[in-house]
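Counting in my numbering, the sequence shown runs without a single skipped number right up to 707 at its last residue.
Quick reminder that beta carbons are idealized off the backbone N, C-alpha and C, glycines included.
Report on one structure; see the data block that follows.
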Amino acid sequence: MVPPFACGCSNFILITYHEVFLPLLTSESSENLFIGIHRELICFVPEKKKKNLSAPKNKNRLIQCNHTLSIPEAAKSDHRNIIGSMGESADEFPTRSYWRCSKEDFFPEKSFESWAAYRTALSQTHHRFKDRLLGRSSDAAELGELRKQSENDMKRCLNWWDLTWFGFGSVIGAGIFVLTGQEAHDHAGPAIILSYVASGISAMLSVFCYTEFSVEIPVAGGSFAYLRVELGDFAAFIAAANLILESIVGSAAVARSWTSYLATLLNRPPNSLTIHTHLAEGFNFLDPIAVIVLAVTATIAMSSTKRTSYFNWVASAVHVVVIVFVMIGGFAHANTSNLKPFLPHGVQGVFQAAAIVYFAYGGFDNIATMAEETRNPSRDIPLGLLGSMSIITVIYCLMALSLSMMQKYTDIDTHAAYSLAFKSVGWTWAQYIVALGALKGMTTVLLVGALGQARYTTHIARSHIIPPFFALVHPKTGTPIYATILITFFAACIAFFSSLDILAPILSVSTLFIFMMMATALLVRRYYMRGVSSRSHLVRLSSFLLLIIASSVGTSAYWGLRPHGWIGYLITVPLWIVGTLGIQWFVPQCRTPKVWGVPLVPWLPSLSIATNLFLMGSLGAQAFIRFGICTLIMLLYYVLFGVHATYDMAHGQYEKPTSVEAVKNEDVKKLAEGP
33 MVPPFACGCS
43 NFILITYHEV
53 FLPLLTSESS
63 ENLFIGIHRE
73 LICFVPEKKK
83 KNLSAPKNKN
93 RLIQCNHTLS
103 IPEAAKSDHR
113 NIIGSMGESA
123 DEFPTRSYWR
133 CSKEDFFPEK
143 SFESWAAYRT
153 ALSQTHHRFK
163 DRLLGRSSDA
173 AELGELRKQS
183 ENDMKRCLNW
193 WDLTWFGFGS
203 VIGAGIFVLT
213 GQEAHDHAGP
223 AIILSYVASG
233 ISAMLSVFCY
243 TEFSVEIPVA
253 GGSFAYLRVE
263 LGDFAAFIAA
273 ANLILESIVG
283 SAAVARSWTS
293 YLATLLNRPP
303 NSLTIHTHLA
313 EGFNFLDPIA
323 VIVLAVTATI
333 AMSSTKRTSY
343 FNWVASAVHV
353 VVIVFVMIGG
363 FAHANTSNLK
373 PFLPHGVQGV
383 FQAAAIVYFA
393 YGGFDNIATM
403 AEETRNPSRD
413 IPLGLLGSMS
423 IITVIYCLMA
433 LSLSMMQKYT
443 DIDTHAAYSL
453 AFKSVGWTWA
463 QYIVALGALK
473 GMTTVLLVGA
483 LGQARYTTHI
493 ARSHIIPPFF
503 ALVHPKTGTP
513 IYATILITFF
523 AACIAFFSSL
533 DILAPILSVS
543 TLFIFMMMAT
553 ALLVRRYYMR
563 GVSSRSHLVR
573 LSSFLLLIIA
583 SSVGTSAYWG
593 LRPHGWIGYL
603 ITVPLWIVGT
613 LGIQWFVPQC
623 RTPKVWGVPL
633 VPWLPSLSIA
643 TNLFLMGSLG
653 AQAFIRFGIC
663 TLIMLLYYVL
673 FGVHATYDMA
683 HGQYEKPTSV
693 EAVKNEDVKK
703 LAEGP
């Protein structure tokens with residue numbers, strides 16, 4: 033259905049053109065003046081020629097996108113029949129209910145019309161895989177064509193203040209209250225503060241990359257959209273699969289910890305609210321409370337983005353008060369003897385812990401997914417992302433130090449570290465304040481996570497990697513309800529069965545891998561542009577990038593095999609420097625950011641690649657085995673479904689959305705003004 037606003041404008045344009053402008057125009061005119069726009073229809077009229085004011089020979093024709101209408105007929109017809117999508121009338125494409133479910137909604141691609149079509153598609157897998165391996169999207173496609181798959185736009189209602197608080201809500205709570213005690217006890221000891229410094233530096237490098245991309249391509253897809261533009265469709269799928277894995281596992285891990293802190297608040301053992309079974313170790317405590325918490329936060333996130341922001345403000349403000357209390361109380365009971373030995377497991381333990389607590393910074397990428405709902409992305413995203421992450425890094429280091437000075441690392445509880453630490457120094461009542469603050473923090477982590485994860489999933493569905501049904505945005509709430517339900521369902525299933533020590537290593541590998549790809553994509557964006565860069569240009573860039581990645585992997589491997597050695601670094605570190613210098617000296621930049629860009633390119637992105645790969649190498653073998661199994665399952669899915677769906681999407685072989693929303697006034701204004 034065509035909205036009344038668009039239809040009224042269309043009637044006005046048609047009548048005014050016929051009665052006023054046509055007598056003043058010439059038939060020889062070739063220039064065009066933008067008059068009006070509908071989602072799929074742009075109306076042009078010839079610009080007036082000053083030299084020749086003779087009437088045109090045929091003044092009853094108005095050229096539109098794909099067809100020509102008679103002016104008198106168009107002016108007299110009902111407004112629903114004037115302008116349709118792609119030259120069709122609106123009656124041929126009636127508005128469909130959001131609450132629908134059909135085969136066409138899930139599988140609109142030609143490859144899935146029948147079993148015969150699917151068998152044909154499978155026989156072309158090699159050709160299609162090659163097409164998707166080399167295929168790349170564009171900024172315009174991500175900002176325009178893909179957004180139409182959602183049928184309705186998300187509401188632009190956020191500013192830098194909202195994003196800053198979303199940063200606090202998304203990040204603080206998960207890592208500092210969940211993983212600090214575990215890693216201080218098991219790996220780093222008092223040097224857990226150094227683990228947070230190392231992971232914080234690496235995270236800030238990734239924040240720089242995300243900020244530039246989200247300003248340049250402000251869409252809901254976050255890193256998936258950025259990688260799709262710069263590294264291609266297949267690389268984006270790998271990122272998408274890991275993003276979904278990270279989203280699901282991350283939410284499940286925090287929900288499990290929420291239950292542990294609730295038990296502490298009720299003065300009960302951490303696992304007392306779970307159901308003990310005789311399943312395998314790590315899966316033998318069932319957690320129904322985690323499922324309930326996930327369902328409640330998802331419901332709030334689906335109701336309204338702005339309403340969720342208000343809720344996040346209140347909860348995060350309470351959380352900040354608790355954090356200040358924890359730091360003051362912790363340092364008030366500080367005992368420097370608890371810092372000895374400072375490195376009980378050596379430097380290797382510090383980096384092993386850093387790779388795990390990196391999860392504490394992972395929530396910042398949720399902010400990038402809200403770019404599509406931000407009023408002024410070029411200003412608000414840098415302020416929100418960089419501002420919140422700078423403050424959070426300092427807070428993490430101070431809180432880790434206060435915990436290490438308050439209690440001996442061997443006595444730190446791995447489930448509710450801060451609450452029981454205060455209990456150990458005689459502040460029994462303080463454990464309830466800490467537990468309440470932790471619950472507030474974890475609630476906002478789940479809440480903002482539900483927002484960001486659903487928007488990742490929405491944009492992934494827009495590209496048809498998963499069924500486009502999950503890309504639909506509700507016309508009233510402006511939120512992707514189906515995508516939120518999908519992510520919440522799988523997170524609830526995992527949270528019900530799996531414990532945090534099983535989940536965290538998988539999550540860290542996935543997060544570090546995506547951040548490494550993001551830094552690589554930024555270098556590609558700056559130093560390569562299709563249609564501009566020569567083949568030799570591409571070869572040089574690829575060679576130096578491979579050298580950077582290979583030397584970083586070598587450094588990480590040598591660290592794992594010979595933690596006390598140094599000879600190997602004399603080879604790997606100079607190779608990394610040569611690769612980075614090679615890009616700087618021999619590959620000219622093809623693109624300069626319009627508003628905000630990462631400083632010290634290529635050094636900061638190259639350092640981000642190195643640090644992320646180094647932290648990945650610090651993880652245990654079990655984490656990579658689980659990650660490898662998940663990756664194989666993802667690739668099987670891609671061969672059987674993803675490659676065929678995305679191939680059809682890229683080549684227009686699918687049933688297009690049947691409900692079209694009018695372009696917003698500000699978008700019309702931008703198009704009217706031109707580039």
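What's the gap between the Cα of residue i and the Cα of residue j?
i       : j       : result
Ile-498 : Trp-461 : 49 angstroms
Ile-280 : Leu-479 : 13 angstroms
His-377 : Ser-369 : 17 angstroms
Phe-125 : Asn-184 : Bear in mind that the predicted position of Phe-125 carries a pLDDT of just 40, short of 50, making it unreliable; the figure below should be weighed with that in mind. Cα-Cα distance, rounded: 15 angstroms.
Ser-495 : Ala-366 : 53 angstroms
Gly-282 : Ala-327 : 15 angstroms
Glu-687 : Phe-266 : 23 angstroms
Leu-305 : Ile-665 : 33 angstroms
Asp-412 : Lys-372 : 44 angstroms
Trp-192 : Tyr-669 : 38 angstroms
Val-426 : Arg-160 : 48 angstroms
Phe-576 : Ala-582 : 10 angstroms
Lys-671 : Val-382 : Per the sequence shown, the amino acid found at residue 671 is Val instead of Lys. So the alpha carbons of these two residues sit roughly 40 angstroms apart.
Gly-600 : Thr-612 : 19 angstroms
Glu-404 : Leu-175 : 9 angstroms
Ser-568 : Ser-129 : 52 angstroms
Tyr-390 : Thr-509 : 34 angstroms
Gly-473 : Ile-423 : 16 angstroms
Can you tell me which of the three DSSP states residue i falls into?
i       : result
Phe-317 : strand
Glu-687 : coil
His-569 : helix
Ile-657 : helix
Ile-270 : helix
Glu-183 : coil
Glu-141 : strand
Tyr-560 : coil
Gly-510 : coil
Leu-375 : coil
Ile-492 : helix
Ala-366 : coil
Thr-624 : coil
Gly-709 : This structure cannot settle anything about residue 709, because the visible part of the chain is limited to 33 through 707.
Lys-162 : helix
Ala-149 : helix
Trp-598 : coil
In terms of alpha-carbon separation, which member of the options lies closest to residue i?
i       : options                            : result
Glu-244 : Val-346, Pro-301, Pro-409          : Pro-409
Met-550 : Pro-637, Phe-618, Ala-285, Ala-366 : Pro-637
Pro-634 : Leu-554, Gln-654, Gly-592          : Leu-554
Ala-708 : Gln-463, Arg-300, Gly-458          : Outside the displayed range of the chain (33 to 707) lies residue 708, so it cannot be described from this structure.
Val-261 : Leu-178, Phe-240, Phe-343, Asp-218 : Leu-178
Thr-476 : Ala-347, Pro-631, Thr-678, Ile-599 : Ala-347
Leu-263 : Ile-546, Lys-626, Gly-684, Gln-616 : Ile-546
Cys-189 : Tyr-590, Leu-259, Thr-337          : Thr-337
Ala-677 : Val-627, Pro-140, Ala-268, Met-548 : Pro-140
Trp-197 : Val-564, Leu-375, Val-350          : Val-350
His-308 : Asn-299, Leu-259, Arg-300, Asp-319 : Asp-319
Leu-30  : Val-247, Gln-181, Val-323, Ile-388 : What the structure shows of the chain is the stretch from 33 to 707, and residue 30 is not part of that stretch, so it cannot be assessed.
Asn-238 : Leu-297, Thr-543, Pro-250          : According to the sequence provided, residue 238 is Ser. The question's Asn does not apply to it. Ranking the options by Cα distance to Ser-238, first place goes to Thr-543.
Ile-324 : Asn-299, Leu-294, Lys-187, Thr-157 : Leu-294
Met-438 : Trp-591, Met-421, Trp-459          : Trp-459
So does residue i have its beta carbon nearer than 8 angstroms to some heavy atom of the ligand ADP?
i       : result
Gly-597 : For the ligand ADP, the structure offers nothing, since it holds no ligand at all.
Looking only at DSSP bridge pairs, what is residue i linked to?
i       : result
Thr-406 : Leu-190
Glu-278 : Its beta-bridge partners do not exist; DSSP assigns none.
Ile-307 : Leu-318
- Message: Can you confirm whether the stretch 413 to 433 touches the stretch 355 to 373 when touching is taken to mean that 3 or more C-beta pairs between the two stretches lie within less than 8 angstroms?
- Response: yes
- Determine contact between the stretch 226 to 239 and the stretch 641 to 651, defined as no fewer than three beta-carbon pairs at a distance below 8 angstroms. yes
- Task: Give a yes or no on contact between the stretch 509 to 518 and the stretch 149 to 160, applying the rule of three or more CB pairs nearer than 8 angstroms.
- Result: Cβ pair count under 8 angstroms is below three, so no.
- Message: Count Cβ pairs between the stretch 247 to 255 and the stretch 485 to 496 that sit closer than 8 angstroms; are there 3 or more?
- Response: Because the criterion of three Cβ pairs below 8 angstroms is met, the stretch 247 to 255 and the stretch 485 to 496 touch.
- Item | Segment contact, 8 angstroms Cβ cut-off, at least three pairs: the stretch 606 to 621 with the stretch 556 to 565 | The stretch 606 to 621, when compared against the stretch 556 to 565, does touch it at the 8 angstroms Cβ threshold.
- Item | Cβ pair count under 8 angstroms reaching 3, the stretch 201 to 219 against the stretch 516 to 527 | no
- Can you find at least 3 beta carbon pairs, one from the stretch 384 to 403 and one from the stretch 196 to 206, that sit closer than 8 angstroms? yes
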